[in-house]
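Colleague:
Protein chains in written order, with our numbering: chain A, 1 to 435; chain B, 1001 to 1435.
#1: Mind checking whether the beta-carbon of residue 1050 of chain B lies closer than 6 Å to any heavy atom of the ligand SAM?
#2: Using a threshold of 7 Å, state whether the C-beta atoms of residue 1256 of chain B and residue 1343 of chain B are closer than that.
#3: Who are the neighbours of residue 4 of chain A on chain B, taking C-beta pairs under 8 Å?
#4: Is it the case that the Cβ atoms of residue 1116 of chain B and residue 1092 of chain B are separated by a distance below 7 Å?
#5: Indicate whether at least one CB of chain A lies closer than 7 Å to the CB of residue 1347 of chain B.
#6: Mapping DSSP to helix, strand and coil, what is residue 1345 of chain B?
#7: Counting only C-beta atoms, is residue 292 of chain A closer than 7 Å to chain B at any point?
#8: Out of A:353, A:359 and A:390, which one is the CA nearest neighbour of residue 408 of chain A?
#9: To the nearest angstrom, report how far apart residue 6 of chain A and residue 1062 of chain B are at their CA atoms.
#10: Between A:108, A:331, A:311 and A:15, which lies nearest to residue 98 of chain A when the distance is taken from Cα to Cα?
#11: What are the residues of the region 1123 to 1147 of chain B that lie near chain A, defined by any Cβ-Cβ distance shorter than 7 Å?
#12: Drop a sphere of 10 angstroms on the beta-carbon of residue 1119 of chain B, count the other beta-carbons inside from all chains shown, and report buried for 16 or more, exposed for fewer.
#13: Report, in whole angstroms, the separation of the C-beta atoms of residue 1103 of chain B and residue 1199 of chain B, which I expect to be a contact under 8 Å.
#14: Let me make sure I understand the geometry here. Which of A:83, A:269 and A:223 has the alpha-carbon closest to that of residue 432 of chain A?
#15: Going by beta-carbon coordinates alone, are residue 296 of chain A and residue 185 of chain A separated by less than 7 Å?
#16: Relative to the C-alpha of residue 1111 of chain B, which residue among B:1428, B:1338 and B:1079 is closest?
#17: Please list the terminal residues of the continuous beta strand (DSSP E) segment that includes residue 1266 of chain B.
#18: Scan the region 227 to 258 of chain A for residues whose Cβ lies nearer than 7 Å to a Cβ of chain B and list them as they occur along the chain.
#19: Give me, in chain order, the residues of the same chain whose beta-carbon lies closer than 7 Å to that of residue 1294 of chain B; leave out the 5 immediate sequence neighbours on both sides.
#20: Taking Cβ to Cβ, would you say residue 1017 of chain B is nearer than 7 Å to residue 1305 of chain B?
#21: Under the rule that 16 or more other beta-carbon atoms within 10 Å means buried, what is residue 955 of chain B, buried or exposed?
#22: Among the residues of its own chain, which have a CB less than 6 Å from the CB of residue 126 of chain A, if the five just before and after it don't count?
#23: From the DSSP output, read off the bridge partner residues of residue 253 of chain A.
#24: Please confirm if the region 411 to 422 of chain A is in contact with the region 1039 to 1051 of chain B, defined as three or more CB-CB distances below 8 Å between the two stretches.
#25: Three or more C-beta pairs closer than 8 Å, one from the region 1227 to 1236 of chain B and one from the region 1169 to 1177 of chain B: is that the case here?
#26: Measure the CB-CB distance between residue 66 of chain A and residue 149 of chain A and report whether it falls below 7 Å.
#27: Who pairs with residue 192 of chain A in a beta bridge, going by DSSP?
#28: Strictly below 7 Å CB to CB, what residues from chain B border residue 295 of chain A?
#29: Using a cut-off of 7 Å between C-beta atoms, extract the partners of residue 318 of chain A located in chain B.
#30: Take the Cβ of residue 223 of chain A as the centre, count every other Cβ of all protein chains shown within 10 Å, and call the residue buried at 16 or more, exposed below.
#31: Output yes if chain B places a C-beta closer than 7 Å to the C-beta of residue 23 of chain A; else output no.
#32: Check the DSSP bridge columns for residue 1291 of chain B and list the partner residues they point to.
#33: At the level of alpha carbons, what is the spacing between residue 170 of chain A and residue 1208 of chain B?
#34: Kindly list the residues whose CB is nearer than 8 Å to the CB of residue 410 of chain A, restricted to its own chain and excluding five residues on each side of it in sequence; keep chain order.
#35: Report the option in B:1362, B:1400 and B:1366 whose CA atom is closest to the CA atom of residue 1437 of chain B.
#36: By the criterion of Cβ-Cβ separation under 7 Å, what are the contact partners of residue 1434 of chain B in chain A?
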């Protein structure tokens, strides 16, 4: 077997983690790849004091790695979508396989990069782009290959889950929990990508494409963040038997595919409701296997490196004996990828949790109830909480049965127009996770 | 791409499930395998009314399938270890790849079958042999390839977990819960394999070999069943913050590998403690990724078929283009398999839960406590429950810190020799799952 040579571009968190795992676990990696995996070239604009390259070639110009004839596999870990895209394109065009942890790159430019790879008889692998070290891409693409995937639901942003867990366990406000996540290094100074659901949407799109055999369509994901969740909502949800989690949801329905990221009430006894802190988990419903769940660290240097190295080993097994790796990036070839319609959020059906402030006087509750019946929304629970001292308004919590979202929005407008209801109504979708 | 031809031997539960999945999902299987997967031969001693073979060749002599030159992959689903072993040997000798769901066969004869496959340049795959439809073999062998696996712990017998769940949720006695499992078809008329832990031991050995790169050593597993667990133990454990689960445990330690199957107290807030009914789950600790967990149906016709078909698709991708599948049955080649010593159960260290009956009179508790201190076992909790009416004896519950098992056994003999302690002492190991 000939050794397989890899080049790493980017020596940040994941890059240095990958450097370390390749070095520390070289013996077992060689045994599992059935060939030595040699790091022969590092492309990085600056040194990382944690990574002593020793005799390994280092280039400040990352494109040198894409041009290096010695490199069989280029590992793209620089992040972003501009330079990273050019780099991956350059590598593919020079006939190198690419392994990347870059979810934005794959979610936004994956279709063209996969096509480019196919043209050059090489492949792109991105296990590390979704849910860190959890081998969820492999599970969807290979482990569940005998199944029609009906839906998948995931906690796929560790920062958001950490914030919600802090709010839930310690009653903190969103802003306080966010500041703590930032202090711990879980959230960026600009936390938009994490807390507004963009990062989760990137990951969701990648999983949905593999699960359903559809093109990557990032622009079609409905995305809502967690910044408007309050500790009160978390408490009321718990009283009703639910936890609030920020989920990515992808579902096949008769009318098309649902692709959405938003806070969600899920039944407390579900495993997914008990995934806490920075951990990730994905629940997948397959036609043959039923539900399966995959849980683990969604971020972190070595957890993400674990996924990068798994991709390298998969490629190395074949490359070492001059075979072509046959597993395709999305699990199926371009001819089997179908343009499935994505359902507009207005047409999605869900049960809803609603919280409003109402005047504590006779008639208001009956007006509220009438709005739902006028809109043909049936109510699972309608609870008026006790008023705070010297307060004439009371929180009213409503749990509806499944209804089309445009219908729910119409009811919300009617509720907000009621004299006895004041302020904005908080609404959170509910997923029962059982069908 | 040329089509890949498979032959199924055995049309029982899993066989008919595989027949159905191959037929119903033929389109997506073809897309994911990048070639048609044709069922060309069925070997079965009798017809299954649920499987209409149509024009597919059927042989009453299952060995006809192993001799059929048209068959590329033989699917062994007849169970047992005598005929199944001969059949698999015959198939490998005729240069056919083998996919099997047979845990006993792999756990007991896997080493020689894998060697035979290597001699004939074919492979044996057995995803379905462990944890039904959960792609745990693929996760250990490929998804976590960059990790040194430190330990794994699994609920890997659905029948046993169903019985414990019934006992836990409804306070049933073991015998009542077992009868219910039998009535529902979850347990066999002779339930020994499931309730005494043999089935779990088979699965544990297979996972441990892949995780640690050691030969399959079924005879080395310490095995203890669930028949002596009482609803009282479940209640007392819960009061202490634990659930009782029947676990397979494989651990790398400095002195060797622990391989054991037994009832175990695990902290209530762990995901594994919330895996209920017939569901399975495996928690794996990897050096890079940390803990990951895999959950799903551990049995059932189509859930198991899901794993069988995943193995077929993996092989078919390469066979369709005349490549040799490079993933080895245990993840590494024979040269990388190391004989690791298996630690005798007496030398394993665990915290313990103990329940005994003691006379409710002054001095007894202090005698009990002395036995532990004499044996240098430190106590986490020692609780005397209230006596039942007209009863002079009370249950005493002890939770110890980690101690070597031979030490614990010595203490148990001293406790049983005490005047104030009557009858046998119930003891259950504790796993904290955090290191």
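All C-beta atoms in this analysis are idealised placements derived from N, C-alpha and C, irrespective of residue type, glycine included.
Modeller: Well, looking at it:
#1: Among the components of this structure there are no ligands whatsoever, and the ligand SAM is therefore not found.
#2: yes
#3: What residue 4 of chain A touches in chain B: nothing, since even the nearest Cβ is about 12 Å away.
#4: yes
#5: no
#6: helix
#7: yes
#8: A:353
#9: 47 Å
#10: A:311
#11: 1133, 1134, 1135, 1138, 1139, 1142, 1143, 1144, 1145, 1146 and 1147
#12: exposed
#13: 7 Å
#14: A:269
#15: no
#16: B:1338
#17: 1256 to 1267
#18: none
#19: 1134, 1136, 1139, 1281 and 1282
#20: yes
#21: Nothing can be reported for residue 955 of chain B, as the shown portion of chain B is limited to 1001 through 1435.
#22: 100 and 106
#23: A:256
#24: no
#25: yes
#26: no
#27: According to DSSP, which records beta bridges pairwise, residue 192 of chain A is partnered with nothing at all.
#28: 1271, 1292 and 1293
#29: 1326
#30: buried
#31: no
#32: B:1285
#33: 39 Å
#34: 375
#35: It is not possible to answer for residue 1437 of chain B, since the shown part of chain B is limited to 1001 through 1435.
#36: Simply none; closest approach about 14 Å.
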